[in-house]
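Q: Below is a structure I'd like to ask you about.
Residue numbers (my numbering), protein chains in the order written: chain V, 1 to 282; chain E, 1001 to 1204.
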């Protein structure tokens, strides 16, 4: 079963179209949803949560059509962290507990206060006096404290220092130890995604460029560095993106499409994303 | 719903302490136009709550939580009803205490004045909220100020004369109050329906 199934989803704005995208998040896994700012990540997340109307397409979340009347109640099973929507500025962490206790049917005060303690957050400080990192931590604490089956995190790690980011990524990792738990993690910090994700979906200018298992991606793609003359011998269908410099050509290639005689280098997720994003220049 | 009301309660009590204090003071001052203003002002506080929501993009977050559109809309109306009730109770209490000190019985006219203030507050709220949901507080605020100005001018100029007029005419006052309550209830139901439609059609 898939935790999220998106099929042929389209949403048009003036100047931007989320164009017929499809992807699935298998239950029990972590999917990294990567793309540049404005690529359509937040729009996709809003559509998954049925917070905005779509133009066409289908979305199922935890097996349920997200336009069915039962979906509002199903949101009890979804923990969400948004990039730039927060609690009112005078609210404190203690107030958030009281509000959420009357919002989520499975709210756990002890879990929440454990996270508050773990994240070293003040209980009675107004939200407006929180740093961005503290705000994100509070949102993550809320998302994890109502026994969710699915976590949807929109840029949840941005604005956090590397140590805290690592700590939070570990929490997400622990969360998926339960086979029924899944995570959709949107981020433009590709190194974070590379650390913990099982699947990668790359969205670029409103279109899905790839949706694959991370390990398979790293296995299928490689970097090749050649002088311009030697580069011409590479079959063009193998080249997924290239960068021409004064010293030659650096390219992202599909390993299976070139001769094993070429000297190749292992690639990173960041390389793949960058080359594919600039692929139109090849 | 309770979660939403608690959120607004925290927002208003912490940021509006001074305004709530003024409401209490207004309510304690006898006389229709002043205590009436406190009641109507209480009915405008949900707009302040909406303004704070807008500032932090609460709507976007709330849309991800298990709140239905109806509960998101209705919570603002219920907040207004609770605040109007509190201001009305305080006004009534103030007038009862004042009449005790004056050693004169609590006037029935005073009670009717409060009922009419509640009716005005409910109508003002039912006009304001759909406008705010549609235009947002920033733009909708102009409508808010216009209504506020109309009310202040109207209440100051008309209240005493209106009460005098009502006491002179032969119409049954109970019947008049009854009709006013029915009409107010209908206006509120229509307002809630319109607000829900507006909220559902909101494109983020």
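Every residue, glycine too, gets a C-beta built ideally from N, C-alpha and C.
Considering only residues of the same chain and omitting the five flanking positions on each side of residue 159/V, which have a CB-CB separation below 7 Å?
A: Correct list, in chain order: 132, 133 and 136.
Q: Taking the alpha carbon of residue 1002/E as the point to measure from, which residue in 55/V, 23/V and 97/V has its own alpha carbon closest?
A: Measuring from the Cα of residue 1002/E, the nearest candidate turns out to be 97/V.
Q: Check whether the Cβ atoms of residue 35/V and residue 41/V sit closer than 7 Å, and answer yes or no.
A: Yes.
Q: So, using beta-carbon positions, are residue 88/V and residue 1067/E closer together than 7 Å?
A: Taking 7 Å as the Cβ cut-off, residue 88/V and residue 1067/E do not qualify as a contacting pair.
Q: Under 9 Å between beta-carbons, which chain V residues line up against residue 1193/E? List them in chain order, please.
A: Those do not exist, as residue 1193/E stays about 18 Å from chain V at its closest Cβ, beyond 9 Å.
Q: With a floor of 3 residues, list each beta strand (DSSP E) that falls wholly inside the stretch 55 to 111 of chain V, ordered by position along the chain.
A: If we require 3 residues or more, the beta strand (DSSP E) runs fully inside the stretch 55 to 111 of chain V come out as 56 to 61 and 78 to 81.
Q: Measuring straight from C-alpha to C-alpha, what distance separates residue 50/V and residue 1038/E?
A: Rounded to whole angstroms, residue 50/V to residue 1038/E spans 40 Å at the Cα level.
Q: Curious, which full-length beta strand (DSSP E) runs of at least 3 residues does the stretch 152 to 232 of chain V contain?
A: Listed in chain order, they are 182 to 187, 199 to 204, 207 to 213 and 221 to 226.
Q: What residue does the beta strand (DSSP E) around residue 250/V start on, and which one ends it?
A: Here the beta strand (DSSP E) through residue 250/V covers 248 to 254.
Q: Quick one: is residue 1008/E buried, meaning 16 or more other Cβ sit within 10 Å of its Cβ, or exposed?
A: Result: buried.
Q: Report the neighbours of residue 1065/E on chain V: residues whose CB is nearer than 7 Å to its CB, in chain order.
A: Per Cβ cutoff of 7 Å: 75 and 103.
Q: Can you check whether the C-beta of residue 112/V is within less than 7 Å of a C-beta belonging to chain E?
A: Chain E, which has no Cβ nearer than 7 Å to the Cβ of residue 112/V, makes this no.
Q: Taking just the CA atoms, how far does residue 249/V sit from residue 227/V?
A: Roughly 6 Å separates the two Cα atoms.
Q: Contact defined as beta carbons within less than 8 Å: I believe residue 221/V pairs with residue 255/V. What is the distance between those atoms, to the nearest angstrom?
A: Contact flag correct, Cβ pair sits at about 7 Å.
Q: How would you write the range of the alpha helix (DSSP H) that residue 1182/E sits in, first residue to last?
A: Its alpha helix (DSSP H) spans residues 1173 to 1201.
Q: How would you write the range of the beta strand (DSSP E) that residue 244/V sits in, first residue to last?
A: Element bounds for residue 244/V: 239 to 245.
Q: Checking contacts by CB at 7 Å: is residue 51/V closer than that to chain E?
A: Interface residue, yes.
Q: Which partner residues of residue 32/V appear in the DSSP bridge assignment?
A: Answer is 185/V and 200/V.
Q: Ends of the beta strand (DSSP E) at residue 5/V?
A: Where residue 5/V is concerned, the enclosing beta strand (DSSP E) stretches over 2 to 13.
Q: Quick one: what does DSSP say residue 260/V is sitting in, helix, strand or coil?
A: Three-state DSSP puts residue 260/V in coil, outside helix and strand.
Q: Between residue 275/V and the rest of its own chain, which residues show a CB-CB distance below 7 Å, the 5 nearest in sequence each way excluded?
A: The answer, listed in chain order, is 240, 241 and 252.
Q: Quick test of your reading: residue 138/V and residue 111/V, contact by CB under 8 Å. State the CB separation rounded to the nearest angstrom.
A: Actually they do not touch by this definition, with Cβ atoms about 14 Å apart.
Q: Rounded to whole angstroms, what's the CA-CA distance from residue 1183/E to residue 1091/E? Just pull it up for me.
A: Computed Cα separation, rounded: 23 Å.
Q: Give the interface partners of residue 1011/E over in chain V, defined as CB-CB distance under 8 Å, in chain order.
A: Those within 8 Å of residue 1011/E in chain V are 88, 90 and 91.
Q: Might you give, ordered along the chain, the residues of its own chain that have their beta carbon closer than 7 Å to the beta carbon of residue 1062/E, omitting 5 neighbours on each side?
A: Contacts found: 1072.
Q: Residue 72/V CB to nearest chain E CB: under 7 Å?
A: Interface residue, yes.
Q: When the distance is taken between beta carbons, is residue 5/V closer than 7 Å to residue 24/V?
A: In contact: residue 24/V and residue 5/V (Cβ atoms closer than 7 Å).
Q: From residue 12/V to residue 203/V, what distance separates their C-alpha atoms?
A: In a straight line, the C-alpha of residue 12/V is about 16 Å away from that of residue 203/V.
Q: Would you mind stating whether residue 94/V and residue 124/V have Cβ atoms separated by less than 7 Å?
A: Closer than 7 Å, so yes.
Q: Would you verify that the beta carbon of residue 153/V is, or is not, closer than 7 Å to some beta carbon of chain E?
A: Not closer than 7 Å to any Cβ of chain E, the Cβ of residue 153/V fails to qualify, so no.
Q: Return yes when the Cβ of residue 1095/E is within less than 7 Å of the Cβ of residue 1043/E, no when it is not.
A: Not in contact: residue 1043/E and residue 1095/E (Cβ atoms no closer than 7 Å).
Q: Enumerate in chain order the residues of its own chain whose CB-to-CB distance from residue 1136/E is below 7 Å, with the five nearest sequence positions on each side excluded.
A: Cβ within range, chain order: 1054.
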